[in-house]
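Report on the structure given below.
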Amino acid sequence: MPKLNLDQSKIDAARAAARAIAEDIQSFVDQHTTVTVERAILRLLGVDGVNAEQIPLPNILVESVARAGRLSQGASFFLANAMLETGLDAQGVAERVASGQLDLMQLPLHPTSAVRALLDQLAAEALARITAAREKREQMLAQYPGGPQPWLYVIVATGNIHEDVIQAKAAARAGADIIAVIRTTGQSLLDYVPYGLTTEGFGGTYATQANFALMRKALDEVSAELGRYIRLVNYCSGLCMPEIAAMGAIERLDMMLNDALYGILFRDINMQRTLVDQFFSRLINAYAGIIINTGEDNYLTTADALAAAHTVLASQFINEQLGLLAGLKHEQLGLGHAFEIDPNIEDSFLWELAQAAMARQIFPQAPLKYMPPTKHMTGDIFRGYLLNGMFNLVGVATGQGIQLLGMLTEAIHTPFLQDRFLAVQNARYVMNAARHLGEELVFQPGGRLEQRANQVLSKALELLEHVAKIGLMTALEQGLFADVKRSRVGGKGLEGVVRKAPDYYNPLLAPMLTELGRGGDA
Amino acid sequence: MPKLNLDQSKIDAARAAARAIAEDIQSFVDQHTTVTVERAILRLLGVDGVNAEQIPLPNILVESVARAGRLSQGASFFLANAMLETGLDAQGVAERVASGQLDLMQLPLHPTSAVRALLDQLAAEALARITAAREKREQMLAQYPGGPQPWLYVIVATGNIHEDVIQAKAAARAGADIIAVIRTTGQSLLDYVPYGLTTEGFGGTYATQANFALMRKALDEVSAELGRYIRLVNYCSGLCMPEIAAMGAIERLDMMLNDALYGILFRDINMQRTLVDQFFSRLINAYAGIIINTGEDNYLTTADALAAAHTVLASQFINEQLGLLAGLKHEQLGLGHAFEIDPNIEDSFLWELAQAAMARQIFPQAPLKYMPPTKHMTGDIFRGYLLNGMFNLVGVATGQGIQLLGMLTEAIHTPFLQDRFLAVQNARYVMNAARHLGEELVFQPGGRLEQRANQVLSKALELLEHVAKIGLMTALEQGLFADVKRSRVGGKGLEGVVRKAPDYYNPLLAPMLTELGRGGDA
Amino acid sequence: MPTDLTQVRPYGDTLGDGAMQISFTLPVPSGPQAAEAAKQLLQKMGLQAVSIVHQADMGEGFTFFVAYAKCPISIDYTSVRVPQVTTTYMDFDTTNDFIRRHIGRPLVVVGACTGDDAHTVGLDAIMNMKGYAGSPGLERYPMLRAYNLGSQVQNEELVAKARELKADVILVSQVVTQKDVHVLNLTQLVEMLEAEGLRDKILLICGGPRITHELALELGYDAGFGAGTLPPQVASFIAQEMAKRLR
Amino acid sequence: MPTDLTQVRPYGDTLGDGAMQISFTLPVPSGPQAAEAAKQLLQKMGLQAVSIVHQADMGEGFTFFVAYAKCPISIDYTSVRVPQVTTTYMDFDTTNDFIRRHIGRPLVVVGACTGDDAHTVGLDAIMNMKGYAGSPGLERYPMLRAYNLGSQVQNEELVAKARELKADVILVSQVVTQKDVHVLNLTQLVEMLEAEGLRDKILLICGGPRITHELALELGYDAGFGAGTLPPQVASFIAQEMAKRLR
Ligand code: B12
Ligand code: B12
Ligand SMILES: Cc1ncc(COP(=O)(O)O)c(C=O)c1O
Ligand SMILES: Cc1ncc(COP(=O)(O)O)c(C=O)c1O
């Protein structure tokens, strides 16, 4: 890969500042739980399904614990207690609670040690299921290895899971390596996860466990047929991050959109809520061997990509450190960035190349997630197709990990089958024709690209050191990211955040952290 | 510009071999004239128009001299003699000959010195006209300077000059720097130049002096309006190379397709004929300040672009040396090459980059003419648009001079207005976005690109040294270029070649050669 | 060859040639029969000289086509009327003066991205202080009192807020249009305003990249603004239209 | 959701949605009226939900449009018949054997790019020794005596040569199609052969990227071969068709 002469001391300092920021947040996280963290635990321990009003049973259970003011002890305690009391399994208990036959909070309490022993056993079973899924992935990857990075990532977004399946299979056949099922607008603000196979969505399809399973099955079939493992992606963000992580871990998703700050900045979700949720969701993702995709590209949809380039880098550092603290390996950190500089600017291609090469060099092990032009796409589909080609060229020349393919109709509609097909053709041509370009290019020492990259690095360092000083929450309050100011107590979902009691228990936490280690090598 | 470490001694040896090849041909050329050379002289001295059967008067005059077996003395001698005899001007004489009122060959002969004195005077007037056109160009270029190279070159090819004018003006407004009016199929095999404004052509428009003038006028208007001088191109090849050069010199064309071997290889024109014709046509182009475009790209439409790359380079060397011998300056040598490697080949983009950078380095002063993908274009217009974009990127990154813009519909039809517009948009985006890329890129020393370029250079040297040994005509007979074997006495137009008599006189030759110098700095 | 504007036809390289480029997908497997079906389909649409220049197998029984054809239909350009906002364009100062003179008080403007739409960039471009493409946004106008409620605002919420703030004008942005969700959202708002007896009291404006003035009128709005709208266009319309209504 | 093949419609992202992409130029100056004219033109063609997603001023009073729309027309795929060469595909050896067995002598094949057409690559691909895409060309077939006359061969010349060589088969390549010059050239050849009483004695085949079997039949040829043709396809046809005729 082409090498930029970057100031290593600044990289180190930036990483240290991000570490400090992340550790500060982690101490807050460690003291809290949320309704969705608790629901995720229940799901992993075996609770699923909905009642007649389509309310998910995990919600009903957690709700009843919360109503009693006992969520600070952890919902799973009451579930296990009820299991001991009734002799039912988790789902049996949940169904009886849902039907009103059982009230979790009215049952006699079994000795804590007995309850925890049961919980530990359920947790072990849950983790075994996740491990099984993970091993199945590893086995399939060994059997059907994919091509070289950048992997080609496309979205399906019809709103109807059955239509999505057709489109996903067609995309895989055309050459896509990764299929993301885009979520319907608005799902991220639901404080529950919808249930079952769904056929109605706007701009995307509901993320449900049944939808995950159906798509996974279809992709497994096509993987076997093509001899190439096709990865599946969904959105682990919004008000239900940990629950979606749990579902994805069980249904063997391979990647999850999962950012520490996205919900706060772009969905006005309360920052305490998101910061706690992201940790547990990432822990699950880490354990499941899922690659997360962070959302730095979103900064550039509202801010100018040249002016705000350093905020992208700063956020990458923060996502990296928070990710490592949640047990993720570098190889699981699909840090995001994007090709969003106004294409009409002279030398814009140079600045894109500089940014992409810089990210590659600063995060050498991360499978960087590289987003295509979106903001400057117009109804001129020919120009759009070309922009996507230049983006693909930068992707292959700088060795990005995950290449989200741009659609020529980005400014018009969610992708048609043919738009996606053309996008894959575009990437395949460019990446094959320039396969080893990265090895052949050297950048002029001290030239425009190097200067630009060092500038961006310096500004990111400045920002990170400032944030480290004031703390991330204050920085968010001051609008230091994405030009958006968010109050510590504003936004959606704060009511779902609970301070852990001394006797709080999450049976999954310890085994996962023990196995994963925490904080990586920073 | 990115620099390849090429073996300079091989470049020098290749150039020396080409020089030897060219000088050998030049000694043949110097001993011959052709019907079209003579017609070109008459045109420059003032003969124009057609008779009732649409036969051009220059043809009628030269025909009558040739019929009398006196062409070896030069047709202009008999014209001037008739002028002295009749007191008419050149056109007056020609018209009377055409109407049968006058027989050039039946007139008493005036003393050679008197005839030559008149010819020298007519020649001086002719050269003054050309110089005036040239100065007008220089003045317009000073007043309306264009943008940086690569200049954007597009074709119009409706068959109808009036429709062409509309399309040319629209293209200029869109951002094209150069307009080429493509010639109708078949014109190159006509041994005369059609006359007047024309509206019927297949795959192109007739090259006539009236068409040249109309288009020049339209482009001058649009140049003034846009404050950017728009260059006009036509085809100075086929059986009438020198006549078209003469017309172009008078009507202020700025560039001419004008190759030493194209007609032989691709139109089966006799080699003696073309080699004599190319010399005089180039002399005129040189004097008129016209940039020639050579046709090496054509090798790649029939041969494989990877395998035949060295024939392109070898031909560039030969065209360079023949051009210099005809008084052209390096700055007038638009040597051709093309982006024609099968795009499905892995690393094809690297090989294109290597070839383009190599040509740039070996011919540093020449405004290289870079042809777009044509052979591998298909009905997939989206893919085509992208290929053209990659071609434009190589063009700007390697500093090509003249960029022929590819059309997304290359495999389908001659360009629609919108195809050309999209092509210009494509180039403008890519070249602006990568304006200084060339200054920032360095190629890995000893890497794939450098190795490839040196290989091509070595093979070209080998070929040139072999051709120098056997002579160019023998090489053409043996099929060493473009896989086509041509006989020295086969093909079209040999009957129009005449060995000069000792008293042969071309009044333009000496003053042009004196002013231009011959052979440049090799 | 001056164009006859009463008979305008697509143009490839010759006036009247009718040239068109078309691409589409058919849910049939790739092959000669697919190409023929594609051709016949275009012929059935009335196109002539249909040439299927490219087909590609997209898998799962779908085939992609690129075609060129000639359209024999022409249109009378001289009689084409565009439903357009007819108020005249006024700049920042003129608009403020106009409101001062003709209305005499600041107008209250409430804007939101409604339903689940979270695309705020367009509405922000119109409303935010800093404005768009060099023109200041509505918040900067002293004679407009502009409230930007942001994204994913439910229609109920918007109506309540409009009532609370005694809004003169409501601005709605709709960017997501898949399955015509924008039509749904926009229609629901009109119905709510009507049900609450507010519709007549409010100048109702919508905007977004797929919104046209024509569509807006159809849906019961007073105006619609599409891609590339600048804030002063909206401010001019508000000022002049409100003056007319309050006259 | 299995596709109903008797009612096939273009597909965007939902079965039956009719989605189509169209681009074209109108000879009218860019602006809202141009966009409206473009839209109305497409509507007049029967398209629905027409959305002009892009327009660009191309100068000289021309405007470029990109549109998406829904095509309400469907086609009965099950009843689509493709005029296709019906002979079966045989490889090199099989074809030679076939000629040996059924005809008993080598067939004489004369090929040319006619008129002003100088595009020899396609004809060479079919005829040259070295062949195309891995298949040997007709010159390599021992049971074919193939003469490639090359480019820009006038029809007179071709007919004369065919007579001289006692050709069984004539192959004509036409690549340039601007202003339908290929139709002109191809038709002229048929007329000449008829005038000379040769038409019935010769198997007449044309080819080129814009040639279809259907077009060839219309023009009075026995077969037409389009883009991507391989030499054995042509050889198979010649062998089987000649056998039938000589039977
Ligand atoms: C930026 C962007 C985002 C950002 C939005 C950030 C933000 N804070 O706004 C993010 C990343 C969050 C996002 C998310 C999504 N997006 Co989005 N996004 C875009 C993108 C790239 C640009 C939009 C934009 O900012 N344009 C610039 C502004 C200035 O233009 P504008 O909106 O047209 O506004 C102008 C005019 O229309 C007008 N105007 C607009 N509103 C109003 C209102 C009034 C009153 C007036 C007078 C005028 C007016 O004036 C403005 C100035 O001229 C477009 C693609 C594109 N290139 O257009 C997709 C696009 C709009 N998104 C799309 C989708 C589907 C989504 C998602 C639903 C995908 C998903 N399932 O996750 C999500 C969810 C968002 C949600 N809940 O709504 C689709 C919509 C498809 C469709 N037609 O239905 C698009 C077209 C992309 C695509 N092809 O799929 N997106
Ligand atoms: C190479 C080429 C040239 C070369 C030709 C070299 C040569 N010796 O053949 C050169 C540079 C000389 C050239 C010149 C011109 N060309 Co040219 N050229 C092309 C190009 C790039 C590729 C054609 C090709 O070789 N295809 C590869 C072969 C293998 O494919 P094919 O021809 O389709 O053949 C296959 C089948 O069709 C079939 N087939 C073909 N013939 C036959 C015959 C029989 C009997 C059978 C059975 C089958 C068969 O089998 C073949 C193998 O599968 C095309 C654009 C493109 N990408 O298609 C333009 C193109 C064909 N050229 C075009 C034009 C206009 C010209 C010129 C007239 C331009 C000008 N005014 O100067 C000139 C003049 C040539 C002339 N007098 O005819 C146009 C034609 C437009 C139209 N539809 O009318 C095209 C489409 C480019 C464009 N968009 O403008 N050209
Ligand atoms: C990290 C991340 N999460 C989630 C989303 C999707 O957002 P939502 O589901 O909240 O609409 C995005 C959007 O691109 C993202 O980048
Ligand atoms: C140098 C040169 N001359 C002439 C032509 C055009 O050929 P003709 O006019 O002989 O058809 C070309 C074609 O590209 C060319 O490259």
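Protein chains in written order, with my numbering: chain C, 1 to 522; chain P, 523 to 1044; chain Z, 1045 to 1291; chain E, 1292 to 1538.
Even for Gly, the Cβ is constructed at its ideal location relative to N, Cα and C.
Any idea what DSSP makes of residue i, helix, strand or coil?
i: P:N815; result: strand
i: C:D347; result: coil
i: P:P578; result: strand
i: Z:V1154; result: strand
i: Z:Y1176; result: strand
i: P:G1018; result: helix
i: C:N523; result: Not covered by the structure: residue 523 of chain C. The range shown for chain C is 1 to 522.
i: C:I381; result: helix
i: Z:T1122; result: helix
i: E:I1313; result: strand
i: P:L736; result: helix
i: C:G491; result: coil
When you compare the CB of residue i with every CB in chain A, is at least one pair closer than 9 Å?
i: Z:Q1128; result: Among the chains of the structure shown, chain A does not appear; the protein chains present are C, P, Z and E.
Should residue i be counted as a contact of ligand 3 given a C-beta to heavy atom distance under 8 Å?
i: C:N392; result: no
i: C:F266; result: yes
Could you please give the first and the last residue of the uninterrupted beta strand (DSSP E) stretch that includes residue i?
i: P:V703; result: 700–703
i: P:R753; result: 753–757
i: Z:D1101; result: 1092–1103
With a threshold of 8 Å, establish whether the CB of residue i neighbours any heavy atom of ligand 1.
i: C:H337; result: no
i: C:F349; result: no
i: C:K375; result: yes
May I ask which residues mark the beginning and end of the alpha helix (DSSP H) holding residue i?
i: C:G196; result: Here C:G196 belongs to no alpha helix (DSSP H), and DSSP marks it neither H nor E.
i: Z:D1168; result: 1165–1171
i: E:S1464; result: No alpha helix (DSSP H) contains E:S1464, which is instead part of the beta strand (DSSP E) from 1460–1464.
i: P:L985; result: 970–992
i: P:I677; result: Element bounds for P:I677: not the alpha helix (DSSP H) but the beta strand (DSSP E), 673–678.
Give every residue of the same chain whose Cβ lies closer than 7 Å to the Cβ of residue i, excluding the five residues on either side of it in the sequence, and list them in chain order.
i: P:L629; result: N603, A604, E607
i: C:D259; result: S237, T294, G295, N319
i: P:F913; result: F861, P894, P895, G928
i: Z:P1054; result: G1062, A1063, M1064, C1115
Under 8 Å Cβ to Cβ from residue i, same chain only, skipping five residues before and after it: list those, please.
i: E:L1317; result: A1325, A1328, A1329, L1332, F1353, T1354, F1356
i: Z:D1135; result: P1276
i: E:N1446; result: T1405, G1406, N1476, Q1479, L1480, M1483
Excluding the five sequence neighbours on either side, which residues of its own chain have a C-beta within less than 6 Å of the C-beta of residue i, listed in chain order?
i: Z:G1122; result: A small correction: the amino acid at residue 1122 of chain Z is Thr; Gly does not occupy that position in the sequence shown. Same-chain partners within the cutoff: L1049, T1050.
i: Z:R1189; result: P1150, V1152
Return yes when at least one heavy atom of ligand 4 lies under 8 Å from the C-beta of residue i, else no.
i: P:T707; result: yes
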